[in-house]
Amino acid sequence: MLNISGLSEGYVLDHIRAGECMEIYTWLGLDKLDTEVALIKNVKSKKMGKKDIIKIEGDHSLNFDMLGVMDPNITIDVIKEGKIVEKRKPSMPEFVEGIIKCKNPRCITTIEQGLTHRFRLTNPEKGTYRCVYCEQSFKKR
Amino acid sequence: MLRHVISPQDLTVKELEDLINLAKDMYSHPSNYSEKCKGKKIATLFYEPSTRTRLSFEAAMLNLGGSVLGFSSADSSSAAKGESVADTIRVISSYADIAAMRHPKEGAPQVAAMHSSIPVINAGDGGHNHPTQTLTDLFTISQLKGRLNNLTIGCCGDLKFGRTVHSLITAMSRYAGVRFVLISPDELRIPNYLRTEILDAKGIEYKEVNKLEEVLPTLDILYMTRVQRERFFNEEDYIRLKDSFILDKDKMSLASPDMLVMHPLPRVNEISVEVDEDPRAVYFKQAELGVYIRMALIYTLLKEAGKIEG
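Just so you know, the protein sequences line up as chains A and B, in that order.
Going by this note's numbering, the residue at position 38 of the first sequence is 21; the numbering climbs one at a time, nothing skipped.
Going by this note's numbering, the residue at position 184 of the second sequence is 193; the numbering climbs one at a time, nothing skipped.
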């Protein structure tokens, strides 16, 4: 079994749907960090069957808002002195700007220069985000 | 206050009622309004061709004593040079008092509204929204049926891609006692989101059928749309199905004596020309009434923007 050391300080992003950790790594801009980041794929899970986990070392001011857009079921564990001091679920922001892109080929965002991709949370229960211009829903994988 | 109309949902039921009442008064007493917008200009920014909608907006403003400027295709505008919608509307805001925009890209009028200092009316953005068509439909129903509630509305043809039907269902779902009969080939049924987010969510009675004949006697309104050849997977299916969705004199004999036949136009072959003589065929009347509801909308938006006095 793969052995990855524990964190003394940092974050563990748990319950990521299997296969999505790379996407989250990119979205959160973790490639820009110079501390240790571990991506663990296909971990056995009683609840999910398989899941992904990301471990991030260090006390970074990361914006986890986008996790709520991607998957509000992800858990964020905050680690201090080797212990989980806080467990939280990502919030779903009312608006998301410049993070996700509208994939509707007929949307004005495909041709209008300098237009920021902007989404609004239209159904908090289902976590549906719609493009503020063409109203196409953002499709998670 | 600067107000734009981008989606049919931008107007509350009360605002719709006010607009319809105003349009009725404008229709009955046009001379009372013939100088209400004197000295004001509407810019018709049409990035793709349109006959009825553009001329209807222009006629509406002329009827109010205002004047018109604009373009009728992207080729004859700076869009051909690559100018953005945002830049265009910023400039037009200093030339006109109100703008009506049609654009092939969905959401373009929303972008215009975000950068405009004059009211923007969406005159159709791709397959997305066409709020003044919905207003026209509601005004026609109200004017000719005398009510917007307790109606059985049949929608026939391409219900999958037809934005006018989607907007009509959404708008009419706000009135009590409205039932829908959705008549289309299986391939062209309404999108699932309309079924779950509007019809099921609001507990509205509806049924989906393949044959027009069997439901015609039950309808108060029949809203026809085009069934386009290119929407079918193969030519065989198109030929097999197209006749089921063509309204002719024989089918009209099955309908009730006060059923209305509506169509957003242009009509191609889905309503046989022999039906035009039937007093229940109101699609040309509908186009005429579209001018009056646009007059009411232009007048109301200019008044709210403080550009004219009430």
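Backbone N, C-alpha and C define an ideal beta-carbon position, used for all residues, glycine too.
Predicted model, so just to flag it, every value in this text is computed and none were measured.
Reference residue i; option with closest CA among the options
i                : options                                   : result
Thr62 (chain B)  : B:Met304, B:Glu239, B:Val270 and B:Leu197 : B:Met304
His43 (chain A)  : A:Lys30, A:Gly12, A:Ser28 and A:His100    : A:Gly12
Gly2 (chain A)   : A:Asp54, A:Asn46 and A:Met49              : A:Asp54
Val270 (chain B) : B:Lys260, B:Arg289 and B:Glu196           : B:Arg289
Glu283 (chain B) : B:Lys258, B:His272, B:Val277 and B:Val300 : B:Lys258
Asn25 (chain A)  : A:Ile59, A:Glu40, A:Leu104 and A:His(-2)  : A:His(-2)
Pro39 (chain B)  : B:Ala52, B:Leu25 and B:Ala68              : B:Ala68
Thr60 (chain B)  : B:Ile230, B:Lys251 and B:Pro275           : B:Pro275
Leu73 (chain B)  : B:Asp84, B:Lys50 and B:Tyr56              : B:Lys50
Ala226 (chain B) : B:Glu245, B:Lys33 and B:Lys260            : A small correction: the amino acid at residue 226 (chain B) is Pro; Ala does not occupy that position in the sequence shown. Ranking the options by Cα distance to Pro226 (chain B), first place goes to B:Lys260.
Ser37 (chain B)  : B:Tyr301, B:Thr179 and B:Glu313           : B:Tyr301
Gly299 (chain B) : B:Tyr202, B:Leu221, B:Gln142 and B:Tyr56  : B:Gln142
Pro140 (chain B) : B:Pro17, B:Met10, B:Val277 and B:Tyr42    : B:Pro17
Glu223 (chain B) : B:Leu256, B:Tyr202, B:Val94 and B:Ala180  : B:Leu256
Euclidean distance between Cα positions of residue i and residue j
i                 : j                : result
His206 (chain B)  : Gly186 (chain B) : A quick correction: the sequence has Glu, not His, at residue 206 (chain B). If I take the Cα positions, the gap works out to 18 Å.
Lys47 (chain B)   : Met70 (chain B)  : 9 Å
Glu92 (chain B)   : Glu118 (chain A) : 24 Å
Pro200 (chain B)  : Leu168 (chain B) : 8 Å
Ile62 (chain A)   : Thr93 (chain A)  : 41 Å
Gly133 (chain B)  : Arg89 (chain A)  : 13 Å
Asp96 (chain B)   : Leu20 (chain B)  : 27 Å
Lys90 (chain B)   : Val52 (chain A)  : 37 Å
Asn159 (chain B)  : Tyr184 (chain B) : 8 Å
Ser120 (chain A)  : Cys114 (chain A) : 6 Å
Ala117 (chain B)  : Glu196 (chain B) : 29 Å
Glu44 (chain B)   : Lys316 (chain B) : 14 Å
Phe148 (chain B)  : Arg172 (chain B) : 18 Å
Gly(-7) (chain A) : Met31 (chain A)  : 24 Å
Thr185 (chain A)  : Trp10 (chain A)  : Outside the modelled stretch of chain A, which goes from -16 to 124, sits residue 185 (chain A), for which no answer is possible.
Asp48 (chain A)   : His112 (chain B) : 33 Å
Asp287 (chain B)  : Ile150 (chain B) : 17 Å
Arg71 (chain A)   : Ser28 (chain A)  : 19 Å
Gly110 (chain A)  : Ala52 (chain B)  : 39 Å
Lys84 (chain A)   : Asn131 (chain B) : 23 Å
Ser281 (chain B)  : Phe254 (chain B) : 11 Å
Leu22 (chain A)   : Arg0 (chain A)   : 13 Å
His272 (chain B)  : Glu95 (chain A)  : 33 Å
Leu25 (chain B)   : Pro76 (chain A)  : 32 Å
Ala109 (chain B)  : Phe66 (chain B)  : 8 Å
Lys23 (chain B)   : Ala296 (chain B) : 23 Å
Lys34 (chain A)   : Gly41 (chain A)  : 23 Å
Lys33 (chain B)   : Phe170 (chain B) : 31 Å
8 Å contact criterion, which residue i and residue j should meet: CB distance rounded
i                : j                 : result
Val120 (chain B) : Leu98 (chain A)   : 6 Å
Arg198 (chain B) : Thr161 (chain B)  : Actually they do not touch by this definition, with Cβ atoms about 18 Å apart.
Ile101 (chain B) : Leu54 (chain B)   : 7 Å
Glu115 (chain B) : Tyr112 (chain A)  : With 8 Å as the limit, Glu115 (chain B) and Tyr112 (chain A) do not qualify as a contact, their Cβ atoms being about 16 Å apart.
Leu78 (chain B)  : Ala105 (chain B)  : 6 Å
Thr234 (chain B) : Val291 (chain B)  : Not really, about 15 Å apart at Cβ, beyond 8 Å.
Glu239 (chain B) : Gly166 (chain B)  : Not really, about 14 Å apart at Cβ, beyond 8 Å.
Val218 (chain B) : Ile192 (chain B)  : 5 Å
Lys38 (chain A)  : Val(-5) (chain A) : 5 Å
Lys251 (chain B) : Val236 (chain B)  : 6 Å
Pro73 (chain A)  : Leu45 (chain A)   : Going by Cβ atoms, the distance from Pro73 (chain A) to Leu45 (chain A) rounds to 11 Å, so no, they are not a contact pair.
Ile107 (chain B) : Leu311 (chain B)  : 6 Å
Asp228 (chain B) : Gly319 (chain B)  : Before going further, note that residue 228 (chain B) is Leu rather than Asp in the sequence given. Contact flag wrong, Cβ pair sits at about 40 Å.
Opening and closing residue of the alpha helix (DSSP H) in which residue i lies
i                : result
Phe148 (chain B) : Pro140 to Lys154
Met271 (chain B) : Here Met271 (chain B) belongs to no alpha helix (DSSP H); instead the beta strand (DSSP E) covers Leu269 to Met271.
Phe66 (chain B)  : Arg61 to Asn72
Thr205 (chain B) : Where Thr205 (chain B) is concerned, there is no enclosing alpha helix (DSSP H), given that its DSSP letter is neither H nor E.
Asp246 (chain B) : Glu244 to Lys251
Phe189 (chain B) : Counting along the chain, Phe189 (chain B) falls outside any alpha helix (DSSP H), though it belongs to the beta strand (DSSP E) covering Arg188 to Ile192.
Thr309 (chain B) : Tyr292 to Glu313
Arg99 (chain B)  : Val94 to Ile101
Met75 (chain A)  : Here Met75 (chain A) belongs to no alpha helix (DSSP H), and DSSP marks it neither H nor E.
Leu50 (chain A)  : Asp48 to Met53
Lys260 (chain B) : Lys258 to Met261
Span of the beta strand (DSSP E), counted from its first residue to its last, around residue i
i                 : result
Lys168 (chain B)  : This sequence places Leu at residue 168 (chain B); Lys is not what is there. No beta strand (DSSP E) contains Leu168 (chain B), which DSSP labels as neither H nor E.
Met35 (chain B)   : Element bounds for Met35 (chain B): not the beta strand (DSSP E) but the alpha helix (DSSP H), Val22 to Ser37.
Ile127 (chain B)  : Unbroken run through Ile127 (chain B): none, as it is neither H nor E.
Cys114 (chain A)  : Thr111 to Cys114
Thr9 (chain A)    : Counting along the chain, Thr9 (chain A) falls outside any beta strand (DSSP E), though it belongs to the alpha helix (DSSP H) covering Cys4 to Trp10.
Asp(-3) (chain A) : Gly(-7) to Arg0
Asp60 (chain A)   : Thr58 to Lys63
Ser76 (chain B)   : Ser76 to Phe80
Met233 (chain B)  : Ile230 to Met233
Ser281 (chain B)  : Here Ser281 (chain B) belongs to no beta strand (DSSP E), and DSSP marks it neither H nor E.
Touching or not, the segment 120 to 132 of chain B and the segment 147 to 163 of chain B, by the rule of three or more beta carbon pairs under 8 Å?
no
Are three or more beta carbon pairs between the segment 59 to 66 of chain A and the segment 9 to 20 of chain A nearer than 8 Å?
no
Count the C-beta pairs between the segment 25 to 40 of chain B and the segment 258 to 266 of chain B that are closer than 8 Å, then say yes if the count reaches three, no if not.
no
Should the segment 298 to 316 of chain B be called in touch with the segment 202 to 216 of chain B, which here means at least 3 C-beta pairs below 8 Å?
no
Across the segment 78 to 89 of chain B and the segment 132 to 148 of chain B, are there enough close Cβ pairs to call them in contact, namely three or more that are closer than 8 Å?
no
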